[in-house]
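Written out below as structure tokens is the structure these notes cover.
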Amino acid sequence: MDLNYSAEEVAFRDEVRAWLAGNLPRDLKEKVDRYEHLSKEDLLRWHRILAGKGWVAPAWPKEWGGTGWNVVQRYIFEEELGYVGAPPLIPFGLAMCAPVLLRFGTEAQKKRFLPRIYQGEDFWCQGYSEPGSGSDLASLKTRAVRENGRYIVNGQKTWTTLAHYADWIFCLVRTDPTSEKRQEGISFLLVDMKTPGVSVRPLILMDGAHEVNEVFFDDVGVPAENLVHEEGKGWTVAKYLLGYERMNTGRIGESKRQLARLKEFSSGKLNDVRFRDRLSRVEVELTALEITNLRFLDRMRRSGQPPGADVSMLKIKGTEIQQALAELMMQAAGEAGSDEFAAALGRRYLSMRKTTIYAGSNEIQRNIIAKQTLGL
Amino acid sequence: MDLNYSAEEVAFRDEVRAWLAGNLPRDLKEKVDRYEHLSKEDLLRWHRILAGKGWVAPAWPKEWGGTGWNVVQRYIFEEELGYVGAPPLIPFGLAMCAPVLLRFGTEAQKKRFLPRIYQGEDFWCQGYSEPGSGSDLASLKTRAVRENGRYIVNGQKTWTTLAHYADWIFCLVRTDPTSEKRQEGISFLLVDMKTPGVSVRPLILMDGAHEVNEVFFDDVGVPAENLVHEEGKGWTVAKYLLGYERMNTGRIGESKRQLARLKEFSSGKLNDVRFRDRLSRVEVELTALEITNLRFLDRMRRSGQPPGADVSMLKIKGTEIQQALAELMMQAAGEAGSDEFAAALGRRYLSMRKTTIYAGSNEIQRNIIAKQTLGL
Amino acid sequence: MNFDYNEEQQLLADSVRRFLQKDYDFEARRKILASPEGWSARVWSQLAQMGLTGLPFSPDYGGFGGGAVDLMGVMEAFGEALVVEPYLATLMGAHLVARAGSAEQKRAILPAVVEGRMKLAFAHTERKQGEKLGVVGAPIADKLVVSSGSRLFLADRADLKMKPYRTMDNMVAADLSFSRDRAEPMPGADQAVAETVDFATALVCAEAVGAMKFACDTTLEYLKTRKQFGVPIGTFQALQHRMVDMVISYEQARSMACLACARVDSAANAAERSRAVSAAKIKIADSARHIGQEAVQLHGGMGMSEELKLSHSFRRLTVAAQQFGDADHHLARFASL
Amino acid sequence: MNFDYNEEQQLLADSVRRFLQKDYDFEARRKILASPEGWSARVWSQLAQMGLTGLPFSPDYGGFGGGAVDLMGVMEAFGEALVVEPYLATLMGAHLVARAGSAEQKRAILPAVVEGRMKLAFAHTERKQGEKLGVVGAPIADKLVVSSGSRLFLADRADLKMKPYRTMDNMVAADLSFSRDRAEPMPGADQAVAETVDFATALVCAEAVGAMKFACDTTLEYLKTRKQFGVPIGTFQALQHRMVDMVISYEQARSMACLACARVDSAANAAERSRAVSAAKIKIADSARHIGQEAVQLHGGMGMSEELKLSHSFRRLTVAAQQFGDADHHLARFASL
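Chains as they are written, first to last, in the numbering used here: chain V, 109 to 484; chain D, 109 to 484; chain F, 311 to 647; chain G, 311 to 647.
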């Protein structure tokens with residue numbers, strides 16, 4: 109048992125760290141540090157800098173631009189991104205649509221979409237949730253009827269993150285409402301957001317931010333070539349994505365950065381044993397989660413198996429830690445130095461409540477662990 | 109809104125308090141204060157002192173020895189008993205069997221049993237739980253077959269509190285295994301513990317104490333006159349008892365006494381803000397529960413309705429407070445002065461874990477509130 | 311012993327609740343928030359007409375001589391409806407004038423407050439000498455009571471330099487600079503601030519309890535109506551148990567709000583009053599956090615939406631938990647008394 | 311980076327686990343507890359034969375020169391099986407002799423410990439000068455290391471006045487009186503006590519993790535087999551979610567035990583070591599309480615029964631949470647480092 113990175117891993121980390129220090133634009137970093145809203149241009153700018161270095165999609169096969177790093181290197185890379193305070197890499201194209209295309213897409217689909225995703229030419233969003241189907245995704249109602257080589261799509265998606273930035277949306281749609289098992293009537297479709305009949309309505313969240321949207325489909329014509337995998341196999345595609353190796357579910361690097369910042373600006377509150385103990389307990393949980401994450405990674409590296417329900421545990425604990433940090437930051441906001449920053453910390457507390465809800469609520473994650481890991 | 113007792117209520121409380129001060133034997137009180145095991149003789153001695161005063165069964169009708177006190181007086185009385193540190197009044201006869209007989213018993217049954225319960229001549233226990241049926245009481249299996257004016261009882265009860273002291277046990281037994289609704293085949297039977305075929309095996313709990321038992325019935329003959337209410341109506345009887353007005357479910361007086369003792373002997377730990385905050389929070393919860401309890405009582409007094417699921421709330425919160433106090437006491441045991449007392453506090457922590465399990469586990473209480481109060 | 315409102319208190323609470331249901335539903339409130347002022351003069355005058363602005367003040371000035379218990383039902387209703395008009399700020403200001411003002415100051419201010427012609431605010435928390443932070447209601451108050459050292463002053467709003475803003479829970483507020491030069495000293499002070507802050511804290515407890523009630527009610531309703539996997543999500547036992555814990559948390563908090571209001575009106579001494587208020591605020595802060603967070607979580611994404619009233623209740627509960635001292639602050643005070 | 315035991319460590323842990331499963335099941339352990347001695351000489355000699363008593367000591371004395379990580383799997387297995395033989399007490403005593411003893415003391419004691427011929431204990435916590443409390447293993451130790459002021463002494467058990475008893479978790483222990491007169495001073499001290507206590511704390515963390523594993527495993531098994539209302543109680547979602555939280559709590563605790571053991575072996579300095587040990591003990595204390603209480607609760611009445619192993623695990627976890635400092639103690643130390 110050796111909890112330290114090997115010499116090679118340390119060298120790799122130092123290389124990543126040095127490059128980030130030299131290439132993350134100062135103005136972007138400061139915006140992130142102030143917890144300000146990032147524009148589409150901000151996000152794409154950073155995406156393209158990484159693409160220029162060849163590091164925007166480490167997990168992809170080398171032929172499409174992947175780096176060939178092993179899981180530990182990929183973890184180190186993502187942790188360093190989080191820790192340095194880089195703008196987020198929006199996952200819908202890079203980490204969701206692309207893996208699906210790589211696994212299920214036709215050669216034509218890969219050639220058409222993957223390079224544009226890599227270069228940040230297309231901005232993607234994800235059309236899963238609907239007003240009536242959140243946790244129970246298989247109950248989705250958006251209809252796609254095939255006629256004359258096209259699908260005609262009607263329905264509504266909701267909580268669609270950054271749909272107002274997106275050029276493309278990948279959707280789960282119901283192509284066969286008659287199939288006995290609900291999952292079997294679902295297909296995976298790529299839709300150009302500029303197609304007539306697609307409209308986007310903002311949903312403002314309680315921190316006042318515009319991040320998510322409703323997306324309406326009103327007789328939207330989608331070429332049949334935009335179907336991924338076979339018709340009726342959309343659920344297989346969605347499930348594949350759930351089991352896909354994601355390295356940063358626990359957001360360790362990001363949380364380490366928040367913890368360090370909190371300690372920095374709340375130093376006055378650290379004389380208060382109540383506040384300090386809460387902070388210490390979060391630090392302990394975060395340390396534990398980092399090791400737990402590495403233990404899972406290590407197991408994955410040895411077994412070559414996808415992580416399975418382990419990811420659910422990282423999601424639960426990681427989001428609890430993020431929320432605890434956000435709450436402590438709000439409590440320490442009086443020490444924050446400026447009123448604007450204090451207000452941003454308040455909004456951030458509000459915003460972070462979503463983390464235990466989105467991407468499969470923590471209740472759903474507990475159901476998954478109960479069923480898959482514990483056999484209940 | 110007036111949170112203070114009226115002048116009459118204060119006078120009543122003072123009368124009770126003064127009498128208790130003069131009549132609770134010092135040696136008994138000291139035994140209670142040291143958290144020592146109380147013998148059957150200890151329990152009966154105190155029972156008989158109260159019976160002598162005419163205060164052992166305030167809730168009974170006056171003709172059978174009740175005091176005619178209203179619900180608030182009864183609450184005050186029970187709280188004072190708890191607060192002064194009197195030995196407990198074992199409820200199985202006074203507060204369980206007796207109300208059942210008063211409601212469903214024949215005149216002969218009342219005359220035979222009630223005076224002996226009042227005077228502490230019969231010690232009762234309760235035969236509900238079985239190895240396979242705890243929370244799901246209606247699944248009980250102990251059989252009672254009627255033949256020649258007798259019931260022949262076979263089966264097993266478990267977790268039977270103080271069965272090793274008991275002269276009598278009231279049982280739920282299955283008289284009709286064929287009835288479609290499981291509840292309808294159950295009857296309520298009184299069994300003399302001296303009847304041949306009744307045997308008792310101790311169950312030692314993790315604090316080392318012998319409080320509960322297994323009770324076995326091996327061809328035990330029970331005269332049919334010991335059936336209470338009609339055959340097959342045992343579930344009605346059991347449900348009546350659940351809704352029966354109990355004043356001290358939250359154990360407020362008892363917990364107030366524990367809190368006061370804890371403050372007394374842990375004064376050294378009160379400089380530790382961590383310990384002190386935990387103590388303060390328990391004190392706040394206890395204060396809140398006392399007012400919540402009085403609010404429910406007030407509502408009951410006005411409406412004349414039985415308390416319903418309110419009792420479940422008092423059970424949940426009351427036991428959580430008892431456990432929290434026991435845990436703080438264990439943590440402060442180093443301050444307790446003597447090693448024996450410290451060890452007793454450790455055992456008490458272990459013992460109090462049972463409170464959230466017995467008398468309808470807190471999970472079952474939550475189910476009851478969800479269903480009855482919230483309509484879920 | 312009596313845990314119900316008396317007839318007058320109940321009638322008042324009912325009529326306030328009816329008024330708010332009719333004239334202050336979520337849509338009406340949304341419009342008020344969207345207005346540049348951030349509050350409604352019309353609503354204010356209706357509150358005054360109902361006698362609310364005069365409730366806790368002496369009949370000598372046209373008031374009704376009520377106490378915190380008389381206000382409790384009103385504050386619960388305000389908390390349910392999330393009233394943003396600076397009612398508590400005005401009460402605090404007037405409460406201070408009534409205790410620490412000169413006869414002349416009382417005559418000039420209290421009748422105007424009672425009749426709804428004047429709004430006040432109390433500037434107390436400082437960053438540094440003369441710089442007051444987070445003064446709720448300040449931008450729209452006619453006059454402000456300002457603490458300075460151990461003394462109190464009356465100032466016209468016009469004489470104060472302000473940076474106005476909206477708080478997280480949509481109240482109008484400001485940071486402001488104060489100097490004694492252009493302000494009128496108030497003769498008393500001493501115990502007045504402590505009394506008024508305890509009084510206001512008890513009322514915030516009651517208001518928070520109202521917000522908790524809404525959060526519990528609306529979550530229960532959501533559990534019964536929102537379907538997933540073909541059944542209402544309220545059939546899932548894990549959610550049932552969490553809902554039960556929310557309701558218990560609410561009942562316990564309400565009990566403590568009762569205690570705080572009752573003791574503010576009739577404690578034997580200041581220590582007994584403050585101890586009860588701190589005990590209440592500890593429980594209210596814990597319950598506000600617990601109920602607020604759970605209500606949002608059980609609503610899923612809907613709970614995060616600006617378009618749903620619950621997200622506003624969450625923000626109110628978040629602020630209420632910290633207002634006049636968070637749980638940590640009151641734990642320290644509770645233990646010291 | 312590598313989070314598994316190496317081959318030797320795994321082989322050892324497996325063989326210890328196999329031995330305990332075969333020769334130290336609940337019934338065998340029950341008999342040991344019922345014996346007047348409260349420990350088994352036969353078990354002790356078997357542990358010694360497996361090399362456990364020599365594991366962390368220098369080959370100069372017949373040991374294997376292992377560290378905390380080498381012992382971690384052993385301690386996990388001990389925690390699962392609830393071994394009551396005073397293994398940790400003996401390791402602590404010998405660990406101190408190895409660091410603070412004279413060459414002669416080392417030669418006299420360490421080979422005897424390694425070979426299983428000698429048991430030790432460490433008397434440290436005092437009520438007052440010379441009165442040592444809760445010394446685990448003392449009544450059956452051949453020799454005791456005793457701290458006095460800033461110095462360490464070696465004493466024969468026969469020379470100490472003891473009040474022996476069994477602890478809540480069934481260990482033999484004693485309170486004892488000590489005077490320097492009849493004891494042999496040890497030349498070193500200084501950092502030795504801190505090192506040994508950190509070492510032992512890390513091992514207790516690992517042992518507690520083993521006890522947590524048993525509590526989780528047996529509760530999961532109970533949820534699957536115990537039926538109420540016609541179905542296994544593990545089908546109830548509220549219980550499922552609580553079981554999941556127990557398992558997460560266990561995984562997090564195990565990660566911290568790994569950290570503590572690794573840092574005890576190879577921290578750059580004492581502060582880094584102690585900080586990791588305190589962090590681990592905070593988490594282990596919290597998880598021990600959480601898992602212990604939940605396991606008993608989910609078992610219903612069965613969880614309270616002396617006849618079920620779980621109630622013994624609960625007691626071990628209760629003690630382990632406090633051993634070498636509870637969460638409060640280590641929170642203070644963690645923040646100070």
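In this text, a Cβ means the ideal position worked out from N, Cα and C, and glycines have one as well.
- The three-state reading of DSSP puts S469 (chain V) in coil, since its state is none of H, G, I, E or B.
- Contact between Q607 (chain F) and I260 (chain V) does not hold, since their C-beta atoms are separated by about 38 Å, which reaches or exceeds 8 Å.
- K423 (chain V) and N401 (chain V) have their C-alpha atoms spaced approximately 11 Å apart.
- If only uninterrupted alpha helix (DSSP H) runs of at least 4 residues are considered, those enclosed by the segment 149-224 of chain V are 179-192 and 206-212.
- When V:Y226, V:G442 and V:V179 are compared, the shortest CA-CA separation from A159 (chain V) is found for V:Y226.
- Restricting attention to V:E339, V:L210 and V:K371, the CA atom closest to the CA of L433 (chain V) is found in V:K371.
- A buried status is given to H434 (chain F), since no fewer than 16 other beta-carbon atoms sit within 10 Å of its beta-carbon.
- Of all alpha-carbon atoms in D:Y143, D:E471, D:L311 and D:V281, the one lying nearest the alpha-carbon of L453 (chain D) is that of D:Y143.
- Taking the Cα positions, G228 (chain D) is about 35 Å away from A396 (chain D).
- Between the segment 119-126 of chain D and the segment 399-419 of chain D, the count of C-beta pairs closer than 8 Å stays below three; the two stretches do not touch.
- Just so you know, the alpha carbons of L618 (chain G) and C515 (chain G) end up roughly 23 Å apart.
- Residues are counted here when their Cβ sits less than 7 Å from a Cβ of chain V; for the segment 605-631 of chain G the count is zero.
- Considering only beta carbons, the part of the segment 541-552 of chain F lying closer than 9 Å to chain G consists of F546, Q547, A548, L549, Q550, H551 and R552, in chain order.
- The contact set of V180 (chain V) on chain G, defined by CB atoms closer than 9 Å, consists of M311 in chain order.
- At a cut-off of 7 Å between beta-carbon atoms, M478 (chain G) makes contact with chain D.
- Fully contained in the segment 288-363 of chain D are the following alpha helix (DSSP H) runs of length 4 or more, in chain order: 342-350.
- Looking at the backbone, the Cα of F200 (chain D) and that of C233 (chain D) are separated by about 5 Å.
- Using a Cβ-Cβ cut-off of 7 Å, G454 (chain D) is close to M478 of chain G, given in chain order.
- Proximity of chain F to D385 (chain D) at the Cβ level (cut-off 7 Å) is accounted for by L641, in chain order.
- In the structure shown, E255 (chain D) falls within a strand segment according to DSSP collapsed to helix, strand and coil.
- G:G602 is the residue among G:A580, G:V393, G:G602 and G:L641 whose C-alpha sits nearest the C-alpha of R461 (chain D).
- Any Cβ of chain G closer than 7 Å to the Cβ of K425 (chain D) would place that residue at the interface, and such an atom is absent.
- Against chain D, the CB of I558 (chain F) has a partner CB under 7 Å away; the residue lies at that interface.
- One thing to note: S621 (chain G) has its Cβ no nearer than 7 Å to the Cβ of A525 (chain G).
- Within the same chain, and ignoring the five residues on either side of S241 (chain D) in sequence, the residues whose Cβ sits closer than 6 Å to its Cβ are S247 and L248.
- In this chain, the beta strand (DSSP E) harbouring Q234 (chain D) covers W232 to G235.
- Beyond the five residues adjoining it in sequence on each side, Q331 (chain G) comes within less than 6 Å, by CB distance, of no other residue in the same chain.
- In the DSSP annotation of this structure, the continuous segment of the alpha helix (DSSP H) that includes I399 (chain V) starts and ends at V381 to S411.
- For A577 (chain G), the three-state secondary structure derived from DSSP is coil.
- By alpha-carbon distance to D638 (chain G), the top candidate from V:M421, V:G483 and V:S388 is V:S388.
- For G520 (chain F), the number of other beta carbons within 10 angstroms of its own is at least 16, and it is reported as buried.
- Residues of the segment 588-600 of chain G with a Cβ closer than 7 Å to any Cβ of chain V, in chain order: A589, I592 and K593.
- In this chain, the alpha helix (DSSP H) harbouring E505 (chain G) covers Q501 to T535.
- For P285 (chain D), the secondary structure class from DSSP, reduced to helix, strand or coil, is coil.
- The straight-line gap separating the alpha-carbon atoms of G389 (chain F) and A586 (chain F) is approximately 21 Å.
- Taking CB atoms only, F634 (chain G) has no neighbour in chain D less than 7 Å away.
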